[in-house]
Amino acid sequence: MSPPALAQQPDMQATLTQLVATLTQLTGVLQAYLATTPGALGSGATAPTPSAPGQAQAGAGQLGQPAPAGGTPGTPAAPVSAPLPAAPPVSAPPAPTDVAAQGGGPAAASSGCGCGGASVPPAELTAPPAEPTAQSPVQQLPMAAPVRAKRTARKKQPSRPRTPEETKKAVAWAAKQYGVKPALLLKIAELESNFRPDAANGWDSNARKGTPSKGVMQFIEPTFKSMAPKARKANPEAWKGVPMDWMDPRAQALTAAWAIKTNQGSHWATYGRARAATGG
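Written as structure tokens, this is what we have:
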């Protein structure tokens, strides 16, 4: 080795010694950090041990450890695993608190309280559990009454009259069945029998012939029997329930109404008088 190189060797040794001292300090800082921060390097990690060729006897040992006695310069020291402190037990997260009860309201519950715990949905904090309620049965709407076709009902025939008042009603009803003015037919009945169903004429020519005039319209039997079938044929609905009876006031009134409607009774003496009294 040349003299200049021998002159520089003490300087290099001093530099290495200073470097080892610096690394030793750094190792102490690293071990202190690992002791306070669990899991920094993982379980079983080892701390690095610096070594350098031509390590000096003073401070040339393992990081954080004194150099072994009689150590040979330039021989790296055996690495020693640095013991890692046990990780502290993990505690369970705190139970969620009622943010609404602490004044946070639904908005605070939805965004979390920011205290390290998990955010709780607002429905769990503000809404109480719904209690089952009995559902009301479906109300049944009343069914509409069936719409029936409107029919023009035929007016029921009056029962066989027994009194003048009942006879008036039967005569007025009969006139309407053939479109005759009720006042005209009522006036004829008044002139003929004064509305008496049992009226009988025993003194006129017909009576002398043996065919007296009888009933509310004073028909003789032969005339009634010739006209009544024609009247019933013209309006069979009106004759339903009415017998072909010469002395029935309804049958006589229906036959007289048909005769006036067809001009078969225009020769009656009472017809002209009735027209004059009622104005036609």
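Every number in this note's numbering is 13 more than the matching position in the sequence shown, counting from 1. Glycine is no exception: its CB is placed at the ideal position from the N, C-alpha and C atoms. Values in this document were obtained by computation on a predicted structure and should not be read as measured data.
CA-CA distance, Ala183 to Arg175, rounds to 11 Å. The three-state secondary structure of Lys222, taken from DSSP, is coil. With contacts defined by Cβ atoms closer than 7 Å, Ala196 and Thr291 form a contacting pair. Inclusion of Ala202 and Val229 in the CB contact set at 7 Å is warranted, their separation being smaller than that value. Pairing Val42 with Val33, the inter-Cα distance amounts to about 14 Å.
Under the DSSP assignment, Gln231 falls outside any alpha helix (DSSP H); it carries neither an H nor an E label.
Listed in chain order, the non-local C-beta contacts of Trp259 below 6 Å within the same chain comprise Glu234 and Phe237, local neighbours out to five positions each way being set aside. For Ala212, the secondary structure class from DSSP, reduced to helix, strand or coil, is coil.
In the DSSP annotation of this structure, the continuous segment of the alpha helix (DSSP H) that includes Lys274 starts and ends at Pro262 to Lys274. By the criterion of a C-beta distance shorter than 7 Å, Ala287 is surrounded in its chain by Leu197, Lys200, Ile201 and Leu204, once the five residues flanking it on both sides are discounted.
Shown here, Gly292 sits in coil according to DSSP, grouped into three states, outside any helix or strand. In the structure shown, Met257 falls within a coil segment according to DSSP collapsed to helix, strand and coil. Contact annotation: Asn207 and Pro225 have beta-carbon atoms that are not nearer than 7 Å.
In the three-state DSSP reduction, Asp24 falls in the helix class (H, G or I). Here Gly278 is buried, its C-beta having at least 16 other C-beta atoms within 10 Å.
Annotation for Thr176: no alpha helix (DSSP H) segment contains it, and DSSP assigns it neither H nor E. Note that the C-beta distance between Ala188 and Ala270 is below 7 Å. Put simply, the backbone Cα of Val255 is about 10 Å away from that of Arg245. With fewer than 16 neighbouring CB atoms inside 10 Å of its own CB, Met25 falls in the exposed class. The three-state reading of DSSP puts Gly278 in coil, since its state is none of H, G, I, E or B.
Secondary structure note for Lys200: its alpha helix (DSSP H) is the uninterrupted segment Pro195 to Ser206. Here Tyr191 carries a coil assignment [DSSP, helix/strand/coil]. Of the other Cβ atoms in all chains shown, fewer than 16 fall within 10 Å of the Cβ of Asp211; this residue is therefore exposed.
Distances from the alpha-carbon of Ile273 to those of Thr30, Glu250 and Met240 put Met240 closest.
The beta-carbon distance between Phe232 and Thr283, rounded to whole angstroms, is 12 Å. This is too long to meet the 8 Å contact definition.
Spanning the alpha carbons of Thr30 and Leu39 requires a straight line of approximately 14 Å.
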